[in-house]
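Remarks on the structure that follows.
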Amino acid sequence: MFRMLARLIADPTLTTSTAVPDAATLFATHPIQLSRWLEEAWAGGGVANWPAFGVQNVALGDPAVVRRLQLPDGLRNDTLRSGIAVPSGGPVIPPDFEPPPALGNGLTLAWDHLIYAYLLESTGIVEIFAEVLRRYLVGETLDAPSIDTLVWARASEELFFRDPPLFHIGGLTSQLRPDARAIRRNAYWRMFGSDLPHPLPGAAAGEQPWKRDAGAVANTRFLELWTELLRQVWMGIENDRNQVGTNPTDPSYVAYLCQTLGEMLRLRRRGGMLAREEFSAVTALSWFHLTVESDTAVVHDLRATAGGVGNPADRLAAIGQRVGIAPARHARELFELADLVSPVLWFIELDQFSSPANAETLFRIFGVVNPVVARTMIRIVDLWQSATGERIKDSAVRAPQRAAAGTPAQPTRLPAGPAPAPAPATLSPNGSSSAVRA
Amino acid sequence: MADKPPGEQSAAATAVNERLLELLEQVVANQAVQATANLQDEIAERLRAAVQYRDSRDHAVSPLGYDQLQIELRFMALSNSLGRFGSHGERDVGLLPAPELIDGTLSFQPLPPDAASVILFRADGGQLIEIDAAGGETPFVTDVPDVAWVQVNNINGDPIRLGFPQRVPAGVSGRPTGAARRSHTRSGNAGPT
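Residue numbers (my numbering), protein chains in the order written: chain C, 4 to 441; chain D, 4 to 196.
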């Protein structure tokens, strides 16, 4: 959401594709204003307010969760309004408290899918910046920060490393669940059946309460189905121009995989569960993503600049060197994947690819003027294969762990008879096959 | 009938054979000509087909149907609303600047250059009305309190932009509408007609 806000400062109507997000103004904004702006963004509804296009609105498990959990309109729009807007003369630092309407007000803004936070946190970005902040706050082992970095450090600590203001939508931590990082891991485990590739700092070896607390309901088949979807989509892309030979592309199977993935994810969201957790996770990760997306003041002060066309992963690696923490080896792919997979999973959850005709848009390239969906999928396949080592493009190769993990995604024959009685329910094992390899 | 002498019979047979051979050579020659003609016709036909195929590629019809193109547009608009406008040189804009809905009147900002028509939809997906509106125009539509989203199509009828009305309390917006309330919808050029 913070990357969105930085873009809104530069492009309030969100229709200028060449606009450069204004991170400097955003980082100079007071954290109480940013916190209140998050309230306003939540009240906007995200994908719950996205038109259902004629089908049942299944966003967030129950679209009413947004309205039922938001601050009352009178309070949010009056004494607790953010005052974040672009003055007529353009952005100033520090920003003034502007009259309404706030930036983004009235626009149908969406926030990212939880997969965005999962993929980004897999880079180790939170651990690296937590250490950067800690060093800035308790000693002088880093070079003295500029005033802009000092303001950034204050806002980062206020927003993400202490309890947020009471009764705010981002206020997840409490006496019952005191660690925001464990809360995010719990959500990742329930939605994707995967843990982050690095251990929780400070936790004892093998101690993973976020999995124990989730029970036996984690979506442990998510990665298997997602990888199978990528493989089938790539098969469709490969055979898109195939007019004469046998064409193994199966739009019905692709649609089935999308439908199954959508149902699996929606199952974890029944009644609006995980909506707050998702919002809080993606806002936190977008803050740190924005910090390394360009050569911000923080990046300058930490001597991690990468130039105008530099990659966030390069900046993160340089910052990690300053504090002795190496990011994930595939951080470059993970940064880009986070942006690309998020809208795809939203569309899958919203049932937009669940019919064979609609699923064809995932791989139809030839003759299409602007195949934005298929182009996105090609890039996702490239990056996913590079980040995970899964040979998605080679149909003759099947990763051995998939065969060992259980049955394939599509059965090759019908079951011969009644299945044996299921074993007693047990806790899911620790996911040893993470989505990403750090 | 008296028999001819053997010498005369042989000469006559030779003449017939020669004539038959001549005729046979003519037949073979004609067939070769015909075969050549047939071959040339076939080559010409194939060349015509190749040219037609080349021309058809130059004026390609999208393999995606209208519903599929709508999916493409919605995906692009959702990506835009997440703050993504393409990468690696691609610039994908699917969102329309939010039209303002004031007291049942929907006012647009200038439409994109390739616009040809605008369709208004209800929340349940039902189509309210389609109006003709060219690129750069600022149409307005009256009496549409329940519009949920709008779609702009190009001259080919392909969807190119998606917009979500911004509900503005009456008296807040500075943008003039000036349209008299009517029981049906209409479009104009930033002013009543």
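Glycine is no exception: its CB is placed at the ideal position from the N, C-alpha and C atoms.
Residue(s) in a DSSP beta bridge with Ile105 (chain D): D:Thr108
Counting only Cβ pairs nearer than 7 Å, list the residues of chain D close to Asp342 (chain C). Arg87
If the cut is a Cβ gap below 7 Å, which residues of chain C does Ser82 (chain D) touch? Pro346
Report yes or no: is there a C-beta of chain D within less than 9 Å of the C-beta of Pro97 (chain C)? Under the 9 Å criterion on CB atoms, Pro97 (chain C) is classed as non-interfacial with respect to chain D.
Under a three-way DSSP split, which group does Leu131 (chain D) fall into? strand
Quick one: is Leu140 (chain C) buried, meaning 16 or more other Cβ sit within 10 Å of its Cβ, or exposed? exposed
Residue(s) in a DSSP beta bridge with Gly202 (chain D): Absent from the structure is residue 202 (chain D), since the part of chain D shown begins at 4 and ends at 196.
Residues near Trp290 (chain C) by beta carbon distance below 6 Å, same chain, minus five either side: Phe5
Determine, using beta carbons only, whether Leu72 (chain C) and Ala284 (chain C) come nearer to each other than 9 Å. no
I'd like to check one pair, Phe167 (chain D) with Leu110 (chain C): are the Cβ atoms closer than 9 Å? yes
Can you look up Glu25 (chain D) in the DSSP assignment and give me helix, strand or coil? helix
Please decide whether Val171 (chain D) counts as near chain C, where near means a Cβ-Cβ distance under 9 Å. yes
On the CB-based measure, 16 or more other CB atoms within 10 Å of its CB, does Val236 (chain C) come out buried or exposed? Buried: at least 16 other Cβ atoms inside 10 Å.
Where do the N-terminal and C-terminal ends of the alpha helix (DSSP H) with Leu123 (chain D) fall, by residue? Premise fails: Leu123 (chain D) lies in the beta strand (DSSP E), 120 to 124, not in any alpha helix (DSSP H).
Contact set between Ser65 (chain D) and chain C, taken where Cβ atoms lie within less than 7 Å: Gly370, Val371, Val372
Look up Leu226 (chain C) in the DSSP assignment and give the residues it is bridged to. Residue pairing from DSSP leaves Leu226 (chain C) without any beta-bridge partner.
Looking at C-alpha atoms only, which residue of C:Asp81, C:Val135, C:Pro212 is the closest neighbour of Arg306 (chain C)? C:Val135
Would Leu226 (chain C) and Phe195 (chain C) be called neighbours here (beta carbons separated by less than 9 Å)? Contact: yes.
Quick one: is Asn80 (chain C) near chain D, going by C-beta distance under 9 Å? no
Among C:Asp81, C:Ala22, C:Pro97, which has the Cα closest to the Cα of Pro34 (chain C)? C:Pro97
For the candidate residues C:Leu83, C:Asp317, C:Leu270, C:Pro90, whose alpha-carbon lies nearest to that of His292 (chain C)? C:Asp317
In chain order, what residues of the same chain have a beta carbon less than 8 Å from the beta carbon of Asn83 (chain D), not counting five sequence neighbours either side? Only Asp95, Val96, Gly97, Leu98 meet the Cβ criterion.
Under three-state DSSP, which class holds Leu98 (chain D)? DSSP places Leu98 (chain D) in strand when its eight states are reduced to three.
With a cut-off of 8 Å on the beta carbons, I'd call Cys261 (chain C) and Ala362 (chain C) a contact; round off their distance for me. 6 Å
Give a yes or no on whether the C-beta atoms belonging to Arg193 (chain C) and Arg271 (chain C) are separated by under 9 Å. In this structure, the beta-carbon distance from Arg193 (chain C) to Arg271 (chain C) falls below 9 Å.
Inter-residue spacing [alpha-carbon to alpha-carbon] between Glu101 (chain C) and Tyr256 (chain C): 52 Å
For Asn192 (chain D), the three-state DSSP class (helix, strand or coil): Residue placement at Asn192 (chain D) cannot be trusted, given a pLDDT of 41 that sits under 50; the coordinates are not used to answer.
I'd like the list of long-range same chain contacts for Asp216 (chain C), defined as Cβ closer than 7 Å, with 5 residues on each side in sequence excluded. Within the same chain, and ignoring the five residues on either side of Asp216 (chain C) in sequence, the residues whose Cβ sits closer than 7 Å to its Cβ are Asn189.
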